[in-house]
Amino acid sequence: MNMVVWSATHTLQISNTSITPNEANRSATDDARACRRSPLYHDNLLHATTATATMTSLLSATNAVHSRNGQKCLPIHNSEPNSAVLSVKFDGQNLSLSQQPTALDIDGSNIDHGITQSPWERRFSPYEFNGGTTLAISGPDYAVVAADTRLSSGYEILSRNVSKLHPLTEKCVLGSAGCKTDVDQLRSVLDIKMKVYAHNHRKAMATPSVAQMLGNTLYMKRFFPYYSFNVLAGIDSEGKGAVYSYDAIGSFERTPFSASGSGQAFLIPLMDNVISHKNRLDQKRELGSEEVVEIVKDAFLTAGERDIYTGDAVEIMVITAKGIESETFMLKAD
7 MNMVVWSATH TLQISNTSIT PNEANRSATD DARACRRSPL YHDNLLHATT ATATMTSLLS
67 ATNAVHSRNG QKCLPIHNSE PNSAVLSVKF DGQNLSLSQQ PTALDIDGSN IDHGITQSPW
127 ERRFSPYEFN GGTTLAISGP DYAVVAADTR LSSGYEILSR NVSKLHPLTE KCVLGSAGCK
187 TDVDQLRSVL DIKMKVYAHN HRKAMATPSV AQMLGNTLYM KRFFPYYSFN VLAGIDSEGK
247 GAVYSYDAIG SFERTPFSAS GSGQAFLIPL MDNVISHKNR LDQKRELGSE EVVEIVKDAF
307 LTAGERDIYT GDAVEIMVIT AKGIESETFM LKAD
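So for the sequence shown, the numbering used here puts the first residue at 7; every next one is plus one.
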């Protein structure tokens, strides 16, 4: 085993070979000269010099920024003869750095720029709830579907005349509330599928088939659902009124009536009593389409009084074997 030790006579022992200290110094000097002649040595020296220059430049720029702290550096362009400037301070630790604070001074110390202090938390949602209420009621030979025309975002009314009803066939209408962009995209997808079916089969799709197709379309987007609350109303192959209720991912059922949107909670209890005749002792009777239309108007008046996202007008469509009849009933505009 090779050992490297210093003996008592200052002689270096390496592999049983004696080297005096003078010889060791001459060897180290030769190695250093050879290293400086190596290209790798010059590359490392260049990188070290560049890093030092970069650090020096960064420190100089930082010191220059701090040296201007508190100086009047933001001019105000106005019509006054003496143009004013704003004194801006970024640290807030020494507010009297340039002068005492005045009415035009801005202390930026409490502003979180996202870099000098804690970063901002930014949230993004692909969905936007634009409000609206839809209602559909089925009868013995008709179906009535209605929706308000207000388009909202938060506490802002974006439009007062946006239809939430979309006829898919001459005997079937889709009512959708929720996110306007998702509703438009859903309508486009359904229209394409309806046209493909009409070209392939030379006929319009039946209402139960449209209901199944809508459920499949919503289920296909179950991992990133359409933010759309849908009701489907129409006439089936037997000429009876049909209403289908949906959730966000395509689960649906045929019901006597259905409501969706921001005013759903106000309409369903009323429809349970008036249409389904629940919790009543008088005899249930069949309602004509004209009487159902009046009930729909009263229901939307009630919802509009209690829901800020429902209002302006209600669009009502009556679907029969002869086709679709439409009318508009004005609601309050506030």
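Even glycine gets a Cβ: it sits at the ideal position worked out from N, Cα and C.
Here the structure is a predicted model, which means the values were calculated and not measured.
In its chain, beyond the 5 residues on either side, LYS177, CYS178, GLY240, ILE241, ASP242, ALA248 have a beta carbon closer than 7 Å to the beta carbon of THR213. If you draw a 10 Å sphere on the C-beta of MET226, you find fewer than 16 other C-beta atoms in it, and that means exposed. LEU174 has its alpha-carbon roughly 15 Å from the corresponding atom of HIS205. Non-local C-beta neighbours of LYS303 in its own chain, meaning closer than 8 Å and more than five positions away in sequence, comprise VAL320, ILE322, PHE335, ordered along the chain. Counted as a single uninterrupted DSSP element, the stretch harbouring TYR225 is not any beta strand (DSSP E) but the alpha helix (DSSP H) occupying residues 213-226. At a Cβ-Cβ threshold of 8 Å, ASN236 and SER266 count as neighbours. In the DSSP assignment, ALA183 falls within the beta strand (DSSP E) that extends over 178-184. Following the DSSP letters along the chain, one finds SER295 inside the alpha helix (DSSP H) bounded by residues 295-312. With a 10 Å radius around the Cβ and a threshold of 16 neighbouring Cβ atoms, LYS290 comes out exposed.
The region 194-208 and the region 131-151 do not touch, with fewer than 3 CB-CB distances between them shorter than 8 Å. Cβ-Cβ distances below 6 Å link TYR315 to GLY137, SER158, SER268 in the same chain, with the five nearest sequence neighbours on each side left out; the list follows chain order. Secondary structure note for ILE274: its alpha helix (DSSP H) is the uninterrupted segment 270-280.
Here ALA70 is exposed. Its C-beta has fewer than 16 other C-beta atoms within 10 Å. Sequence-distant Cβ neighbours of SER169 in its own chain, meaning closer than 8 Å and more than five residues away, are ALA153, THR155, GLU321. As the crow flies, the alpha-carbon of LEU141 is around 13 Å from that of GLU300. Its Cα nearest to that of ILE281, the residue PRO262 stands out among PRO262, PHE306, GLN270, CYS185. The three-state reading of DSSP puts HIS283 in coil, since its state is none of H, G, I, E or B. In this structure, DSSP gives ARG193 a helical state, which the three-state scheme calls helix.
Distance between VAL324 and VAL298, taken at the CA atoms: about 10 Å.
DSSP, reduced to helix, strand and coil, places ILE255 outside both helices and strands of the structure shown, so it counts as coil. Contact check for ARG260 against TYR250 passes: the beta carbons are separated by less than 8 Å. Between GLU311 and the set GLU134, SER131, THR139, the nearest pair of CA atoms involves THR139.
Judged by DSSP in its simplified three-state form, TYR203 adopts helix.
In the assembly as shown, TYR161 is an exposed residue. Its beta-carbon has fewer than 16 other beta-carbons within 10 Å. Distance check between ASP288 and each of SER295, ASN279, GLU296, GLY294 places ASN279 closest, using alpha-carbon atoms only. In this structure, the CA atom of ARG166 is about 6 Å from the CA atom of ASP318. Bounds of any beta strand (DSSP E) do not take in SER243, whose DSSP letter is neither H nor E.
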